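Peer 1:
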Amino acid sequence: MKQAKVRSGQGVDTITIEKAAVPDPGPGEALIRITAATLNYRDLIVAKGLIPGLGKEPEVIPLSCSAAFVEAVGSGVTRVAPGDRVTPIFAPHWLTGGEPDPRMLGGPIDGVARQFAVFEAESLCRLPDMMSDLEAATLSCAALTAWSALTSSRITSPGDWILAHGTGGVSIAALQLAKAMGANVAITSSSDAKLARAASLGADLCINYRHQPDWAAAVRTALGDRPIANVIDTVGAVQVEDNASLLCEGGQLSAIGMLGSDFSWNLAGADVNLAPIGVGNREQHEAMTRFMVECQIRPVVDVVYDLERLSDAYHHLESGAFFGKIGINLL
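Mapped onto the UniProt record's numbering, the consecutive letters of the sequence shown carry residue numbers 1 to 331.
Have a look at this one:
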């Protein structure tokens, strides 16, 4: 089989594609054949060492989100069977409960940028028939992060205003999920073309922060004083004050990313309801999948690369010149 590896913290250009033996499943395990994967900004964090120690040393099989078929199972496996269409969850040992497990794919442990892999069967979730492999390969990290932000600490209600920053995987998933929950969504981007695509998915207010640098004032002008129930903040600490200034009473600042600065996880103040979002567990993953099927939500994959061009896919991710998700073909 083919698999990718990256030297943790040494940069995107250390990615290599190599051949490896197909593993055998042991007791309680399943061998899966991976057909598609998608990238997350976290994959750049691991490759570039933006958070020291996040990636397994000296190298790791990257990526955390995939679609696959069960090829074989070991003894004692009842959760899945050969032929089932599945995905391993982002944190394979975090099945339930609120305390995240630090053993996450594509970072502390090997991920899914490979054609075959063995995982504990309990870490596998079935994929919905309504989604293609590439669409389903968006669920484990980006979609689940958005779902957790909208449901885990503060339940999104019809009529709420949600503010999502940017048009990457988490923000577009949040837009789709929030609209299906009956919420209104404001979204920011530096690209009018991307904002037009967001509007086609239901975004109610689109703000180009390059044309309107004081985007927070633009939100207030359009919606009134402190109108936002939940901010999907993928940018980080640099804009915590602006985000907090828009929150209604009981509103939540969902701290998710670091696209523009350090994470804001540790910046909660007396008047800021800041919720660090750590993706989610198997129970949340399955609840999200049921909701997406019920609401017929189809994730957005913008461009697809073959595994051999994984480093090009990373550079595309780094450029920001994409909408939704970047896919990887593993067939």
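Cβ coordinates follow ideal geometry from the N, Cα and C atoms, glycine included.
In this text, all values refer to a predicted model and were calculated from it rather than measured experimentally.
Can you tell me where the alpha helix (DSSP H) with residue 169 in it begins and where it stops?
Peer 2: Note, residue 169: alpha helix (DSSP H), 169 to 180.
Peer 1: Let me check one thing: in DSSP terms, what residues is residue 161 bridge-paired to?
Peer 2: 184
Peer 1: Spell out a yes or no on whether the region 48 to 64 and the region 146 to 156 are touching, meaning 3 or more CB-CB pairs, one atom from each, closer than 8 Å.
Peer 2: At 8 Å Cβ cutoff, the stretches do not touch.
Peer 1: Compare the beta carbon distance of residue 327 and residue 301 with 8 Å and say whether it is the shorter of the two.
Peer 2: yes
Peer 1: Under the rule that 16 or more other beta-carbon atoms within 10 Å means buried, what is residue 135, buried or exposed?
Peer 2: buried
Peer 1: Run the CB neighbour count on residue 145, radius 10 Å, all protein chains shown included, and call it buried at 16 or more, exposed below.
Peer 2: buried
Peer 1: Enumerate, from N- to C-terminal direction, the unbroken beta strand (DSSP E) stretches of 3 or more residues contained entirely within the region 27 to 103.
Peer 2: Complete beta strand (DSSP E) runs here, min 3: 29 to 38, 65 to 73, 85 to 88.
Peer 1: Pull up the distance between the alpha-carbon of residue 247 and that of residue 221, whole angstroms please.
Peer 2: 14 Å
Peer 1: Hey, residue 331 and residue 35: beta-carbon distance below 8 Å or not?
Peer 2: Yes, the Cβ-Cβ distance between residue 331 and residue 35 is below 8 Å.
Peer 1: Mind reading off the beta-carbon distance from residue 74 to residue 111? Whole number of angstroms is fine, and I expect it under 8 Å.
Peer 2: Not really, about 21 Å apart at Cβ, beyond 8 Å.
Peer 1: Out of 174, 14, 204, 167, point me to the one whose CA is closest to residue 193's CA.
Peer 2: 167
Peer 1: At the level of alpha carbons, what is the spacing between residue 6 and residue 285?
Peer 2: The C-alpha of residue 6 lies about 27 Å from the C-alpha of residue 285.
Peer 1: Assign residue 293 to buried or exposed, taking buried as 16 or more other Cβ atoms, counted over all protein chains shown, within 10 Å of its Cβ.
Peer 2: exposed
Peer 1: Quick one: Cα of residue 43 to Cα of residue 77, how far?
Peer 2: So the two alpha carbons sit approximately 31 Å from each other.
Peer 1: According to the neighbour-count rule (16 or more other Cβ atoms, all chains shown, within 10 Å of its Cβ), is residue 255 buried or exposed?
Peer 2: buried
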